[in-house]
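Student: The structure's right below; bear with me while I get my questions together.
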Amino acid sequence: MVIDKIFFTIITPIFAFAVGLSFMMIKLKVSARIERRYGPPIIQPIYNILKLLLKEENISHGVIFSLGPVIALAGSILTVLFIPYAGIKLFTGSGDLIALMYIMVIGSLGMALGAGESANPNASIGISRALTLMLGYDLPFVIIIISVVLYYHTTNLADIVAAQAHGHWTLWSLPLSAIVGFVVAYGALGEHPFDIITAPHEVATGPMVEYGGKHLGFLVINHAFHIYIEIALFVDLFLGGATNVLWFYVKMFAVFFIMMLFDEVYPRFKIDDAVRFFWKWPTIVALISLIIVLVK
Amino acid sequence: MIYYIGSLLLIAVGLYAVLVKSNLIKIIIGLNFISSGVNLLIISVGYINNGTAPIFSRLGLNPNTMVDPIPQALTLTAIVIDASELALAVAFVVLLYRHYKTLDIKKIRSLKW
Amino acid sequence: MVGGAHPILLIAVPLFFVFLIVFFSSFFKGIVKYLPIIAFGINLIVIYQLIPEVLGKGMVISTTAGFKPPLAIDIVVDRLSLILAAIGSVLGFLVAIYNVSYIDEEPQERYYALFTLLVTGIIWMVVTGDIFNLFVAFEVTSIAAFGLVGFHRDQGAVEAGFKYLVMGSIGGGMLLVGIIMLYAATGTLNMVDLAQKSVHLTFGQKFLAYSMIFIGLGIEGALFPLNAWLPDAHPAAPSSVSAILSGIMTTAAIYALYRLTNLMFDYKQIYTILLFFGLLTLIFGEVSAYFQQDIKRMLAYSTIGQTGLFFFAFALDSANGFQGSIMQIINHSVSKALLFLVTGGMILRIGSRKIEDFAGLGRKMKFSSFFLAIGAFSLMGLPPFFGFWSKLKIIFAALQNPNFFMVASVVIILLMSVVEGAYFFKLLQNMYFGKPAENLQISEAPAGILISFTILGLILIFISVYPTPIINLTHQVANDLMSKSYINIALRLGGL
Amino acid sequence: MNASLELLLATPFIGGLLAFIGGKVHRWIRNLIAIIFSFATAFEIIGYYNVTIKGIVWGKLFGSDLILQTNPITWLFLFIVTSASFLIVLFSIDDMRKEEDELKLDAYYMYLLFVEGAMVGIVLAGDLITFFMFWEIMSWTSYFLIIHGGKRSMAAGYKYIIMSVIGAYAMFLAMAMLYAKAHSLVYTDVANVLLHSSPAFVIWTIVLLAIGFFVKAAVMPLHTWLPDAHSEAPSPVSPLLSGVLIKMGAYGLFVVLYGLISVKLAGSLMPSVFSTPLLLYIIQWLAALSIVLATFLAIMQEDAKRLLAYSSISQIGYVVLGIATGTSLGVAGGLFHALNHAIFKGLLFLVVGAVIYRTGTRNLSELGGLIKKMPFSFVALLLGIIALAGVPPLNGFVSKWMIYEALLQKKEVFLLIMAFVGSTGAFLYVYRLVHSIFLGQLPKKYENVKDVPILMQIPIWVLALLTIVLGIMPGLAMNVIVKGMAFFGFKPIAYNLFGFPQGTAMGALTTINISAGLAIAFVVAWILFILFPKSRKVSQYDNYAAGQVVTEDLKYNYSYGFYMSFSRVIKPILKWSIERVYNYWVEAAKIFGDYYMRRIYTGNLETYNAYIVIVITLAAAFVLLGGKIW
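Protein chains in written order, with our numbering: chain A, -19 to 276; chain B, 459 to 571; chain C, 4 to 499; chain D, 285 to 914.
Spelled out as structure tokens, the structure:
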């Protein structure tokens, strides 16, 4: 039993990374096809990461600058351990959905701290935008979390997944919440139209502006985790999780694929417009859903 | 009865003077009217028509027809007090005239609010 | 009398010293300034001797001129009178010390004579048992006060003195009218006798007499709207005199009103009217005080406000109300006298009465500022100072039978306390933390001033941290007032 | 035992006086006395851990007993008060040394200890008179502490004291009404009387008392004094105010809501919303509004202490929100958050104080890059902000988690949403704090800045350690809180040293797993990181600047108006300022008063005489009516 736990504790982050990485690979190809390009080779992201990690010349602006990506990665790994997937629930009993919401923040904090120390205004602006956007999508996010929790009368994510067994997905029972959840997860990933944070031609990739070499490599790895976390959480909450890894992967891929389509067709929001957007339609819809749950 | 009315009238006249007149001297006169009225009131309280002095100098005086002596004593005291007040008031008027060069109370308004 | 305690000495000795002052002034002027100290020192001894007896028996009576009451004028000291007489003597004594350093303006002998007369008159007012005697004491006090207000003889002082004189004279006249009405109706002037005989009078008769007395004493006691002289007179007078005027003179007039109301006019209706007067006085006093730029004027308005407060408490017509009222009187007398004495010293040093000129004094005059703060705190009713206990009592008393009117009154009182806090904190803040004027070179107040207000301040601190004796005493006094034991004890002791 | 409660109360007061007198001899004697006595007070409370004393009479006033009592909840607040005061005294020794006026310093230590004593008195009070007395003492002594800060602090202190006095008098009114009914203000008597009173009376009592507490606790809309007072006060005073003093309002609310009345009683008097009595629900709403609005305001501040001050309003909102839930979990969460807030807000204010001590400014846009110069302060601040933002594994997270769960259980969803948003918003402003002070570009003028002296670091580190300890082992605090709440008739909640099992709340929490997991994940990531080639350190000027060269004289930093775009979003909400409303009414009242009073005391003798004549006429009219009015 304990051996099992330790084994899965080791294997889960690797699985998560693999999933995230695979999505990154697929995305390159899919977006290229949508744009009628051939696109880079499918394993290009792996090349990228390896190149960055093995670079001999690394520069650092200070301890926190270096620690930032490390903390971010540590936070992501920890978060991954709390998300049940394919029937495997590792730390889910130690912290419920609410705890998870705040564990997820650790990674962002590390990222923000590291970027902050780079003493580059572009990085600061990027973080300012990232945090503002976070406040923006947080409002609909907490509302849907509350609706789901109240619907299942538990904050334990594993229990929520269990309650959706046999096809009783939350997507069917709370469709409005699911839609908002999708929008929020999408916003959290920072894809178009919410990519104002990194906005390469404005703030030169924002928080990452000073990063290079292995630091940047860590951040890319972290991004892979990030993709996994957002989508896995969505799958767990609304698509009933899964009983085996493959099915879980399929569900995640389906979600990601829809997201990619959105990514390709939208322009970029100004940050305050993004916040206004999140506080308007998603919030209203989420509230309606919440009230439905309450009345029931 | 006439004394009561008279004294009340005196008081009323005094109040009127104090209230309406703006000359310092007239105000003081008004104050004096008031005190005279009060004194008259005191006396008339003890007054008995055709009464005698409350002194047993002769035998056979009926105590019931004697004028009450207490009000007279009171009046004397009150008069002394009035007199000293009057003196003080006049002194103030002199000083006021020195400072303000006027006797008009309406113009003596440096202290307000 | 047993134990040699003769209340008549309270009046006789200082009066004698008044003559001594005038007598010595022509050939031995140096001694004049010390005579009031001796006079009130003796008074304090007399009070000290009176304390056990008054507290034990409830009252000490001494008659004059060999007559028997009600014909004779008698001096009656019961617990309430004792409290006020004690405050009067203590303040008289301390201010007499204060004067030594404070008064340097000629003609000094007149000042000292009038000052002694003023304090004597006040003590006289509170110990007399005869209603006409009360009038005489009232006029003695007033005339001395008129003279002292105008003592500086500058523009403001003369104007204030004259206004005070006119209003005071009218008040005196009205008081006398009221007294004579009572006399005409009952044929007696002795208070105890009056109290018994006036039972047969109708309410209308009583009310007429009462309204006249009320106007007379109300003018002196600073009740709104009869108090317009006060904010002029208190600032214009020398600070030593202001301390007496604010600390005890208005209080003495209020005392007389309490006494007469309690003995003869004990009607619910009258108390109701008084309630309104108390509230109005409180509101107008405190609100006006807030806007003042002149510190003494501010304190004078504050006196009006305080008067309103303890008058309100009295008008509640309940044992708790009386107790609160008397506690507040004690608090007000000590604190306000303290404030006037301290500010007097400060004004002497900085030569201005403007509040903004007090900036930074907290550093230069440490003792003065400290005691000013304590006095202000006590007046505001902040714990642990005595004002807190009295305010607590008053509010509790007011809400004894909570109805809408009472709750509204309490809200007003508390609101006015906030206003009071607002102006006192403004003053303190400016004094302690304000930026002093460029190279302000001043030293601590002179010795006499320092000694007198230090003693007073220590008294205040003492009664603040150890209020139990005063609470007990005032509790007894309140019971005395409620049961009208004044009459009974006086009858038993031959006061009639 | 009995005498020692009084001793505990007297210790700080005696210490204050002695410190003042000792200051006349030498400043080190004063400092030593202040340290010894504040430590002694903190030491004395150890003896009361888990001790319940029903009440000892320490005096009598107007026939009502004055009572001191203690129970575990009292102990919790005693712990907050005394230990925070001790640490603040330690911090003050060096921080206040820049004040040259020794007299002011003597007074400072005296008032500091007085405030501590007053707060001990409030907490120990077993009756409302004692409570109110020490409440007032606390008000004016803390007022003197606030206005130590200089010219601008005077206006702030003035606002503070006036609002405090208003609040205190609202309490006073309620007290007097209770006294009229109960003839005693001992808590138990009052509780008995309230049990048999009419609903209107009980509601009025709660409302009036709550006004008093809310002013002190700075719950909106009575918060307007706080941002000014907390930011203008001297550095060591701010943590005292923010960390401890405003908790007294929460303590008072707790005592009134659960000591004097009970939720059951309140529920029987008024309709319930979400199974909360209406009045409590309104209190919760005020608290929730405080959370959100104060958070938004904090996000927009440019002044470090002001930012923290607004943050205090929002965090005290969580405390009140938790206490007003009425369920065991929520109240425990609220009380725990009171403790946690004292710790992390004290920590943050002390660190900011340390920064001000070294740099002399608290303007966020003038600071930056201090991490290289003050690394210890940075780490402490980092712990503080993580705790404040409610991010695991530090203490702030646990108490907030409890409050969220309690609200979830009661389905008070709208409040919950606001609480969540406030927490996310907190993340914004705390990042602003750490970024603008410690990260980014170091201005040239701070080249020679060092970390603060050791005496100032000790308090910071003690508090920093506490955030970790309580974050990992919340059971330590729960021991006290749960026992104390049993004293007030709450059902105990299940807990263990490291969190809460399933069933207490809708989910479970095991803090040790989270922190251990984080530690392991960090180590793994770190090992991975050092496997790859070493990095080379470059200066802060070696930056990407789109082809430009960054030089020393160039401010290459983004710190002013950090959340400008966000403030554009919320501008419509913040257009409404309750403070403007207050100011408007105060000004109107002033003009009104000035205008009419001038027309009464005109200076014209004739007018004055007219008043007398009017009174005479009125009296005569009354007589003529023959007293028929009655």
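All C-beta atoms, glycine included, are put in the ideal place defined by N, C-alpha and C.
According to the neighbour-count rule (16 or more other Cβ atoms, all chains shown, within 10 Å of its Cβ), is residue 806 of chain D buried or exposed?
Tutor: Taking the fourth sequence and counting its residues from 1, one reaches residue 806 of chain D at position 522. Per the 10 Å Cβ criterion, buried.
Student: Give me the Cα-Cα distance between residue 165 of chain C and residue 337 of chain C, rounded to the nearest whole angstrom.
Tutor: Walking along the third sequence from the start, residue 165 of chain C turns up at place 162. Walking along the third sequence from the start, residue 337 of chain C turns up at place 334. If you take the alpha carbons of residue 165 of chain C and residue 337 of chain C, they lie about 28 angstroms apart.
Student: Per DSSP, residue 62 of chain C forms a beta bridge with which residues?
Tutor: Locating residue 62 of chain C in the third sequence gives position 59, where the first residue counts as 1. BP columns for residue 62 of chain C point to C:81.
Student: Under the rule that 16 or more other beta-carbon atoms within 10 Å means buried, what is residue 292 of chain C, buried or exposed?
Tutor: For this step, residue 292 of chain C is matched to residue 289 along the third sequence. Looking at its Cβ environment, which holds 16 or more other Cβ atoms inside 10 Å, residue 292 of chain C is buried.
Student: Identify each residue in the segment 149 to 164 of chain C for which the Cβ-Cβ distance to at least one residue of chain B is less than 7 angstroms, and report them in chain order.
Tutor: Answer set for the segment 149 to 164 of chain C: 149, 150, 153, 156, 158, 159, 161, 162, 163, 164.
Student: Which residue's Cα is closest to the Cα of residue 441 of chain D: C:451, C:461, C:437, C:448?
Tutor: As a first step, residue 441 of chain D is located in the fourth sequence; it is residue number 157 there, counting from the start. Cα-wise, what sits closest to residue 441 of chain D is C:437.
Student: By DSSP, does residue 784 of chain D sit in helix, in strand, or in coil?
Tutor: If you number the fourth sequence from 1, residue 784 of chain D lands on position 500. Strand.
Student: Please report how far the alpha carbon of residue 435 of chain D lies from the alpha carbon of residue 419 of chain C, in whole angstroms.
Tutor: Residue numbering aside, residue 435 of chain D sits at position 151 when the fourth sequence is read from its first letter. Residue numbering aside, residue 419 of chain C sits at position 416 when the third sequence is read from its first letter. Each residue's Cα considered, the two are about 27 angstroms apart.
Student: So what does DSSP say about residue 235 of chain D, is it helix, strand or coil?
Tutor: Past the boundaries of the shown model lies residue 235 of chain D; chain D is included only from 285 to 914, so the question cannot be answered.
Student: Have a look at residue 238 of chain C and residue 475 of chain B and give me their C-alpha separation to the nearest angstrom.
Tutor: Residue numbering aside, residue 238 of chain C sits at position 235 when the third sequence is read from its first letter. Residue numbering aside, residue 475 of chain B sits at position 17 when the second sequence is read from its first letter. Each residue's Cα considered, the two are about 28 angstroms apart.
Student: For the alpha helix (DSSP H) that contains residue 314 of chain D, what are its first and last residues?
Tutor: Counting from 1 along the fourth sequence, the entry for residue 314 of chain D is found at position 30. Its alpha helix (DSSP H) spans residues 311 to 328.
Student: With 16 other CB atoms within 10 Å as the buried threshold, where does residue 905 of chain D fall?
Tutor: Counted from its first residue, the fourth sequence places residue 905 of chain D at position 621. Per the 10 Å Cβ criterion, exposed.
Student: According to the neighbour-count rule (16 or more other Cβ atoms, all chains shown, within 10 Å of its Cβ), is residue 309 of chain C buried or exposed?
Tutor: On the third sequence, residue 309 of chain C is found 306 positions in, with the first residue counted as 1. When all chains shown are included, residue 309 of chain C counts as buried.
Student: Got a sec: which bits of the segment 290 to 304 of chain D sit with their beta carbon under 9 angstroms from any beta carbon on chain C, in order along the chain?
Tutor: From the segment 290 to 304 of chain D, no residue has a Cβ closer than 9 angstroms to chain C.
Student: Pick out whichever of A:240, A:229, A:193 has its Cα sitting closest to the Cα of residue 172 of chain A.
Tutor: Along the first sequence, read from residue 1 onward, the residue named residue 172 of chain A stands at position 192. Comparing Cα-Cα distances from residue 172 of chain A to each of A:240, A:229, A:193, the minimum goes to A:240.
Student: In terms of residues, what are the limits of the alpha helix (DSSP H) holding residue 126 of chain C?
Tutor: Along the third sequence, read from residue 1 onward, the residue named residue 126 of chain C stands at position 123. Looking at the DSSP string, the run of the alpha helix (DSSP H) that includes residue 126 of chain C is 111 to 130.
Student: Do residue 387 of chain C and residue 304 of chain C have their beta-carbon atoms positioned less than 8 angstroms apart in this structure?
Tutor: As a first step, residue 304 of chain C is located in the third sequence; it is residue number 301 there, counting from the start. As a first step, residue 387 of chain C is located in the third sequence; it is residue number 384 there, counting from the start. No, the pair does not count as a contact, with Cβ atoms beyond the cut-off.
Student: Following the continuous alpha helix (DSSP H) through residue 336 of chain D, name the residue where it begins and the one where it ends.
Tutor: Along the fourth sequence, one-based indexing puts residue 336 of chain D at 52. Segment: none, residue 336 of chain D is in no alpha helix (DSSP H) and carries neither H nor E.
Student: What residues from the segment 743 to 773 of chain D come within 8 angstroms of chain A, judged by C-beta to C-beta, listed N to C?
Tutor: Listed in sequence order: no entries.
Student: Looking at chain A, is there any beta carbon in it that lies within less than 8 angstroms of the beta carbon of residue 685 of chain D?
Tutor: Mapped onto the fourth sequence, residue 685 of chain D falls at position 401. Yes, because at least one Cβ of chain A sits closer than 8 angstroms to the Cβ of residue 685 of chain D.
Student: When you compare only the Cα positions, how much space is there between residue 548 of chain B and residue 569 of chain B?
Tutor: Sequence index remark: in the second sequence, residue 548 of chain B carries index 90 (1-based). Sequence index remark: in the second sequence, residue 569 of chain B carries index 111 (1-based). About 20 angstroms.
Student: Helix, strand or coil: which one does DSSP assign to residue 353 of chain D?
Tutor: Here residue 353 of chain D corresponds to residue number 69 of the fourth sequence, with the count starting at 1. Residue state, collapsed to three classes: strand.
Student: Which residues in the same chain have their Cβ closer than 7 angstroms to the Cβ of residue 296 of chain C, if we skip the five residues on either side of it in sequence?
Tutor: The residue labelled residue 296 of chain C in the question sits at position 293 within the third sequence. So the qualifying residues of the chain are 357, 358.
Student: In the segment 754 to 830 of chain D, which residue ranges form an unbroken beta strand (DSSP E) of at least 3 residues, counting only runs that do not cross its ends?
Tutor: Those beta strand (DSSP E) runs which fall completely within the segment 754 to 830 of chain D and span 3+ residues are 819 to 821.
Student: For residue 897 of chain D, would you say it is in contact with chain B, using Cβ-to-Cβ distances shorter than 8 angstroms as the test?
Tutor: Working through the fourth sequence from its first residue, we reach residue 897 of chain D at position 613. Chain B, which has a Cβ nearer than 8 angstroms to the Cβ of residue 897 of chain D, makes this yes.
Student: Looking only at its chain, what residues have a beta carbon closer than 7 angstroms to the beta carbon of residue 572 of chain D, apart from the 5 residues adjacent to it on each side?
Tutor: Start at 1 with the first residue of the fourth sequence, and residue 572 of chain D comes out as number 288. The residues are 601, 605, 699, 702, 703.
Student: Give a yes or no on whether the C-beta atoms belonging to residue 429 of chain C and residue 382 of chain C are separated by under 8 angstroms.
Tutor: Here residue 429 of chain C refers to the residue found at position 426 when the third sequence is read from its first residue. Here residue 382 of chain C refers to the residue found at position 379 when the third sequence is read from its first residue. For residue 429 of chain C and residue 382 of chain C, no; Cβs fall outside 8 angstroms.
Student: If I measure Cβ to Cβ from residue 306 of chain D and keep anything under 6 angstroms in the same chain, skipping five residues before and after, which residues do I get?
Tutor: As a first step, residue 306 of chain D must be located in the fourth sequence, where it is residue number 22. Cβ neighbours of residue 306 of chain D beyond the five flanking positions: 313, 314, 317.
Student: For the segment 89 to 133 of chain A, list the alpha helix (DSSP H) runs that are entirely contained and at least 4 residues long, ordered along the chain.
Tutor: With a minimum length of 4 residues, the continuous alpha helix (DSSP H) runs that stay inside the segment 89 to 133 of chain A are 101 to 132.
Student: Please report the residue range of the beta strand (DSSP E) in which residue 867 of chain D lies.
Tutor: As a position in the fourth sequence, residue 867 of chain D is number 583, starting the count at 1. Premise fails: residue 867 of chain D lies in the alpha helix (DSSP H), 862 to 882, not in any beta strand (DSSP E).
Student: Find out if the Cβ-Cβ distance for the pair residue 487 of chain B, residue 536 of chain B is shorter than 8 angstroms.
Tutor: Against the second sequence, residue 487 of chain B aligns to sequence position 29. Against the second sequence, residue 536 of chain B aligns to sequence position 78. Their beta carbons are not under 8 angstroms apart, which means residue 487 of chain B does not touch residue 536 of chain B by this criterion.
Student: Hey, out of D:486, D:480, D:673, whose CA is closest to residue 458 of chain D's CA?
Tutor: Against the fourth sequence, residue 458 of chain D aligns to sequence position 174. Of D:486, D:480, D:673, the residue nearest in Cα terms is D:486.
Student: Going by beta-carbon coordinates alone, are residue 133 of chain C and residue 192 of chain C separated by less than 8 angstroms?
Tutor: Indexing the third sequence from 1 puts residue 133 of chain C at position 130. Indexing the third sequence from 1 puts residue 192 of chain C at position 189. Contact flag set, yes.
Student: Counting only Cβ pairs nearer than 7 angstroms, list the residues of chain C close to residue 546 of chain B.
Tutor: Within the second sequence, residue 546 of chain B is the residue found at index 88, counting from 1. Within 7 angstroms Cβ-Cβ: 146, 149, 150, 168.
Student: Check whether the Cβ atoms of residue 316 of chain C and residue 251 of chain C lie closer than 8 angstroms to each other.
Tutor: Along the third sequence, one-based indexing puts residue 316 of chain C at 313. Along the third sequence, one-based indexing puts residue 251 of chain C at 248. Cβ atoms of residue 316 of chain C and residue 251 of chain C: not closer than 8 angstroms.
Student: For residue 324 of chain D, tell me which candidate among D:397, D:350, D:344 has the shortest Cα-Cα distance.
Tutor: Counting from one through the fourth sequence, the residue named residue 324 of chain D turns up at place 40. Of the candidates D:397, D:350, D:344, the one whose C-alpha sits nearest the C-alpha of residue 324 of chain D is D:397.
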